[in-house]
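Structure record follows, encoded as structure tokens.
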Amino acid sequence: MRDTLEIFGRLKKNKMAMTGFVIIALLILVAILAPLFSPHDPIEQHLNLRLLSSSWQYPLGTDDLGRCIMSRLIYGTRVSLQVGIIVVGITAISGTLLGLVAGYSGGIVDEVIMRIVDVFLAFPGLILALVIAGFLGPGLFNVMLALSVVGWTKYARVVRGCVLSVKEKAFVEAARALGGGNFYIMFRHVLPEALPSVIVLATLGMGGVILSAAALSFLGLGAQPPMPEWGSMLNSGRTFLQVAPRLTIFPGLAIMITVLAFNFSGDGLRDAFDIRQVKKLEI
Amino acid sequence: MAGKLIKVENLKKHFASGMFRKNYIKAVDGVSFEIGRGETFALVGESGCGKSTVGRCVLHLIEPSSGEIYFDGINALNLRGEGLRNFRRRVQIIFQDADGSLNHRMKVSDLVLEPLKVHHLIRGRGEEQVGKLMEMVNLTPDLLNRYPHELSGGQRQRIGIARAVALGPEVIVADEPAASLDLSVQAQMLELMQELQDRFGISYLFISHYLNIVRLMASRMAVMYLGKFVEVGGVKDVFDYPVHPYTRALLSAVPSISMAGRQKRIVLAGEIPSPLNPPAGCRFHSRCPEAREICLEVEPELYEVTGGHLVACHFAR
Amino acid sequence: MDLLRISDLRVDFPAEAGLVRVLDGVGLEIKKGKSLCLVGESGCGKTIVALSIMRLLLENAYVSGEIRFNGQDILLLEEAEMRKIRGREIAMIFEQPATCLNPVFTVGDQIAGAVRAHEKCSRKEARKRVIELMEMVGIPSPRRRCDQYPHEFSGGMQQRVMIAIALAFSPSLLIADEPTTSLDVTIQAQIVELLKALIVEFNTSLLLITHDLAIAAELCDSVAVMYAGEIVERGSVKEVFKNPKHPYTGALLGAISSDGFRPIKGSVPEFIRLPRGCRFHPRCSLSQDVCRHVSPKMRNGVRCHLWPEN
Numbered sequence: 001m002r003d004t005l006e007i008f009g010r011l012k013k014n015k016m017a018m019t020g021f022v023i024i025a026l027l028i029l030v031a032i033l034a035p036l037f038s039p040h041d042p043i044e045q046h047l048n049l050r051l052l053s054s055s056w057q058y059p060l061g062t063d064d065l066g067r068c069i070m071s072r073l074i075y076g077t078r079v080s081l082q083v084g085i086i087v088v089g090i091t092a093i094s095g096t097l098l099g100l101v102a103g104y105s106g107g108i109v110d111e112v113i114m115r116i117v118d119v120f121l122a123f124p125g126l127i128l129a130l131v132i133a134g135f136l137g138p139g140l141f142n143v144m145l146a147l148s149v150v151g152w153t154k155y156a157r158v159v160r161g162c163v164l165s166v167k168e169k170a171f172v173e174a175a176r177a178l179g180g181g182n183f184y185i186m187f188r189h190v191l192p193e194a195l196p197s198v199i200v201l202a203t204l205g206m207g208g209v210i211l212s213a214a215a216l217s218f219l220g221l222g223a224q225p226p227m228p229e230w231g232s233m234l235n236s237g238r239t240f241l242q243v244a245p246r247l248t249i250f251p252g253l254a255i256m257i258t259v260l261a262f263n264f265s266g267d268g269l270r271d272a273f274d275i276r277q278v279k280k281l282e283i
Numbered sequence: 284m285a286g287k288l289i290k291v292e293n294l295k296k297h298f299a300s301g302m303f304r305k306n307y308i309k310a311v312d313g314v315s316f317e318i319g320r321g322e323t324f325a326l327v328g329e330s331g332c333g334k335s336t337v338g339r340c341v342l343h344l345i346e347p348s349s350g351e352i353y354f355d356g357i358n359a360l361n362l363r364g365e366g367l368r369n370f371r372r373r374v375q376i377i378f379q380d381a382d383g384s385l386n387h388r389m390k391v392s393d394l395v396l397e398p399l400k401v402h403h404l405i406r407g408r409g410e411e412q413v414g415k416l417m418e419m420v421n422l423t424p425d426l427l428n429r430y431p432h433e434l435s436g437g438q439r440q441r442i443g444i445a446r447a448v449a450l451g452p453e454v455i456v457a458d459e460p461a462a463s464l465d466l467s468v469q470a471q472m473l474e475l476m477q478e479l480q481d482r483f484g485i486s487y488l489f490i491s492h493y494l495n496i497v498r499l500m501a502s503r504m505a506v507m508y509l510g511k512f513v514e515v516g517g518v519k520d521v522f523d524y525p526v527h528p529y530t531r532a533l534l535s536a537v538p539s540i541s542m543a544g545r546q547k548r549i550v551l552a553g554e555i556p557s558p559l560n561p562p563a564g565c566r567f568h569s570r571c572p573e574a575r576e577i578c579l580e581v582e583p584e585l586y587e588v589t590g591g592h593l594v595a596c597h598f599a600r
Numbered sequence: 601m602d603l604l605r606i607s608d609l610r611v612d613f614p615a616e617a618g619l620v621r622v623l624d625g626v627g628l629e630i631k632k633g634k635s636l637c638l639v640g641e642s643g644c645g646k647t648i649v650a651l652s653i654m655r656l657l658l659e660n661a662y663v664s665g666e667i668r669f670n671g672q673d674i675l676l677l678e679e680a681e682m683r684k685i686r687g688r689e690i691a692m693i694f695e696q697p698a699t700c701l702n703p704v705f706t707v708g709d710q711i712a713g714a715v716r717a718h719e720k721c722s723r724k725e726a727r728k729r730v731i732e733l734m735e736m737v738g739i740p741s742p743r744r745r746c747d748q749y750p751h752e753f754s755g756g757m758q759q760r761v762m763i764a765i766a767l768a769f770s771p772s773l774l775i776a777d778e779p780t781t782s783l784d785v786t787i788q789a790q791i792v793e794l795l796k797a798l799i800v801e802f803n804t805s806l807l808l809i810t811h812d813l814a815i816a817a818e819l820c821d822s823v824a825v826m827y828a829g830e831i832v833e834r835g836s837v838k839e840v841f842k843n844p845k846h847p848y849t850g851a852l853l854g855a856i857s858s859d860g861f862r863p864i865k866g867s868v869p870e871f872i873r874l875p876r877g878c879r880f881h882p883r884c885s886l887s888q889d890v891c892r893h894v895s896p897k898m899r900n901g902v903r904c905h906l907w908p909e910n
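Chains as they are written, first to last, in the working numbering: chain B, 1 to 283; chain C, 284 to 600; chain P, 601 to 910.
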């Protein structure tokens, strides 16, 4: 309990991290209440109102099909956060479990799991995701699948590292001497020690996943029109970069702010938890 | 019951070491002993002599390289699954490092209840059971919501003892149970352990390098040197008539407050050799003030000098 | 004349709840060539006394009182002057020798460093002196072993190296803080015998700090018993251990004795929650009303209301 308070105290002093958390909170609010905030329907086209600049009616103007950019950005928050949460959820849980099993059992199980991790790490993540998404065909679901396949490895590695050091601690031996089974020891005694690292990685991972998803969408592999997605908005705005830079600037800003918010929060959490090993692994 | 509760026969534990050419550290190299019901058997020796390894083998926490361990007539080394869980209820441990053996994320109440929870023995919310255990180790109930780091060293060790006795074990391996505590608190712990023994008839395998304490706690003892017993016997026999030169040196090395009646101290030359490469012949010959030629070549076997008092020295006969 | 005379030493540390006084009115003397043992349980402040003498306390500590070494109050010295005394006049050895030796230099180099800081001499002469010192502290085959690194030495041998470094300057005072606690009994006996012989040979005074009363009895002339930041009893080893005056000394001596366990109830109080009156009264079997309210003064070598002469 005192630990939690202490960590929270350290976090509160970190201005960057607190800014990050506030932004994330706002983004979540916007995503949930998107219909309330957005002035227009994000996919409703008004071909007579193409490429308008800012006005009271269209705060950020309209795009090449006469859709409200503001509304599309707001609904885009939904898509990005969904992708982030789902992918991070899948990768963090599966990676943590695999790392836990690998580190705890050791021997051949550890060897097999970690060699698979090595194989995945031998490819640059985004390129691998690109290949998988390309193979599966375009679509947001496939992008999430591709990013999940690529993303679990770092969780597995970090958790395994934690487990290896915790496994040697006296309280684990004590639990074994009491008659605790492997599952009991893994989940009651070992996992809690690895959780802070997982939380930090997941927060930092959110930014990464949102960025990758946007990148894949930008390349046309992700969200398909007319879905309002930041990456695909960037892509469709590209043609009008000179006439109407608004079309690319605002989605770009949205991506940047979101990713930075998650990164600042992740960094702040890492410093608050005082975990050094994550720092080395995260690029 | 006539049979001994714990019977250890020719126990060996060799650890592999070295990357290319495999060497073996013979941490424990053939020890045998028995512990009766309600008895305290002490293992004495300096660091690295293998006494803690013996304790961990008896607890089934590490697998011995060879030898047999019988518990209440059952071959303890073959136990798996339900049999092993049952064994764990009956054979428990008190750790040296009470602090490290308690999970810092758990509250005192959870720590004390953990053994019961693991064996699905909690009745209701377990409040009554916790209360009883806390009372048994003389802790006040106001500590129940604290975390280990909010307790004193003595209180933590009491929690360790409560966890060990929670399942009503018949044997407790106590590995230097008070070594990290202050003298005044050490005495509290040892007194508590004796009290629990009297109440529940627990047998102790008492591992310690404090000879003063062994004398008060144990009825029989074994002196270990480099993985082997050099002298085994009743505590009174060993303390009053030590035969092996190592035992004699160990006893005389214990600093004492009473300056009167002190015999000349035997100060052993040299260091404990590495168990990776123990001396040939008698393992103690490199430090023994009485070593002769035979000691360099022939390894002495344990030999019974008087009833139940065994010594591994060529000159004991 | 006293080599070291500490009077009314007080040390406070800032903490969340304000200043915490960890030493309160500590006074002791060591004569030239004599040895004094400071005994007490963990957290009684005995190491703080040593660090105060060495002036190695953290900067935020408030120190008051007097520490006269050779008649000079070292608390008033400039840091530069203190540096001349530290290591040369007063040397110190610690409980964990492994942490005090630099792992990347050979043992010989580290002793030579101390030798050459003391007197200007060539490498060759220094090496000769190193080997002499190593022989003196009982390290076998010093010619070979002085080129080895600390990790090739066992705990007992490392402690011998620390003693060699400490003695390189022939200090007039050696402070040994739990020098044998981390060692095995037979090795402990070796180090005790070694210290006993060396303090005679070098005519060095010894301030031994330990929780082990028996070591104190073996090694020292006089003893000071500490409890919760105060000295509760002082006197010659014989006197104090034979006829302890303070109930705490008596209880400590009797806690584990040949006729069984007689534990002291409770535990050492924390400095932020010191009891009123006599600091030992909640654990004392003889405590009376006066003990609960009035803090006893040090008189005739004992800090207790119940001692008849007080």
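Every residue, glycine too, gets a C-beta built ideally from N, C-alpha and C.
As the structure is a computational prediction, the values presented were derived from the model and not from experiment.
For GLN440/C, no Cβ of chain P is located within less than 9 Å of the residue's own Cβ.
Closest option to LEU783/P, judged by alpha-carbon separation, among LEU609/P, ALA615/P, ALA691/P and GLN696/P: GLN696/P.
Contact annotation: in the segment 156-182 of chain B, residues whose CB is within less than 9 Å of a CB in chain C are LYS169, ALA170, PHE171, VAL172, GLU173, ALA174, ALA175, ARG176, ALA177, LEU178, GLY179, GLY180 and GLY181. Between ALA129/B and SER217/B a beta carbon distance of about 12 Å is seen, past the 8 Å cut, so the two are scored as non-contacting.
Against chain C, the CB of TYR184/B has a partner CB under 9 Å away; the residue lies at that interface. ASN843/P has its alpha-carbon roughly 47 Å from the corresponding atom of GLU397/C. Apart from sequence neighbours up to five positions away, the residues of its chain that approach GLY139/B with a beta-carbon distance below 7 Å are GLN224, ordered along the chain. TYR493/C is positioned such that its CB atom lies no closer than 9 Å to that of ALA457/C.
Counting along the chain, no alpha helix (DSSP H) covers PHE753/P, and no H or E run does either. CA-CA distance, ARG176/B to GLU111/B, rounds to 24 Å. Neighbours of ALA536/C in chain P, taken as residues at a C-beta separation under 8 Å, are given in chain order as VAL785, THR786, GLN788 and ALA789. Three or more beta-carbon pairs separated by less than 8 Å are not found between the segment 811-829 of chain P and the segment 565-585 of chain C, which leaves the two stretches without contact.
Residue pairing by DSSP places ILE667/P opposite ILE606/P in a beta bridge. VAL594/C is classed as buried because its beta carbon has at least 16 other beta carbons within 10 Å across all chains shown. Bridge partners of MET507/C according to DSSP: PHE512/C. Flagged as an interface residue toward chain C: PRO192/B, by a C-beta distance shorter than 9 Å. The alpha-carbon separation between ALA299/C and ALA462/C amounts to approximately 29 Å.
Taking 9 Å as the CB threshold, GLU719/P stays off the interface with chain C. Per DSSP, the beta bridge partners of HIS592/C are THR589/C. With 16 or more other Cβ atoms inside 10 Å of its own Cβ, TYR848/P counts as buried.
Taking the Cα of GLY591/C as reference, the smallest distance to any Cα among PRO556/C, GLY414/C, ALA505/C and ALA563/C is reached at ALA505/C. Partner residues in a beta bridge of ILE69/B, as assigned by DSSP, do not exist.
CA-CA distance, ALA244/B to PRO59/B, rounds to 14 Å. Put simply, the CB of ILE376/C is near chain B, with a gap under 9 Å to one of its CB atoms. Interface with chain C (9 Å Cβ-Cβ cutoff): GLY901/P is excluded. Contacts between SER300/C and chain P, judged by CB atoms closer than 7 Å, are missing: the closest CB pair is about 16 Å apart.
Residue pairing by DSSP places ILE690/P opposite ARG686/P and LEU773/P in a beta bridge. Looking at the DSSP output, GLU833/P shares a beta bridge with VAL825/P and VAL902/P. Neighbours of HIS40/B in chain C, taken as residues at a C-beta separation under 9 Å, are lacking, since the least C-beta distance is about 51 Å. A Cβ of chain P is located within less than 9 Å of the beta carbon of SER435/C. Beta bridge pairing from DSSP links ALA457/C with ILE377/C and PHE489/C. Three or more beta-carbon pairs separated by less than 8 Å link the segment 246-264 of chain B to the segment 8-27 of chain B, which places the two stretches in contact. Taking C-beta atoms as the reference points, GLY207/B and MET18/B fail to come closer than 9 Å.
For LEU416/C, the CB contacts under 6 Å within the same chain, skipping 5 residues up- and downstream, are VAL395, ALA445 and ALA449 in chain order.
Among the CB atoms of chain P, one or more fall inside 9 Å of the CB of GLN471/C.
Contacts between SER491/C and chain B, judged by CB atoms closer than 7 Å, are missing: the closest CB pair is about 18 Å apart.
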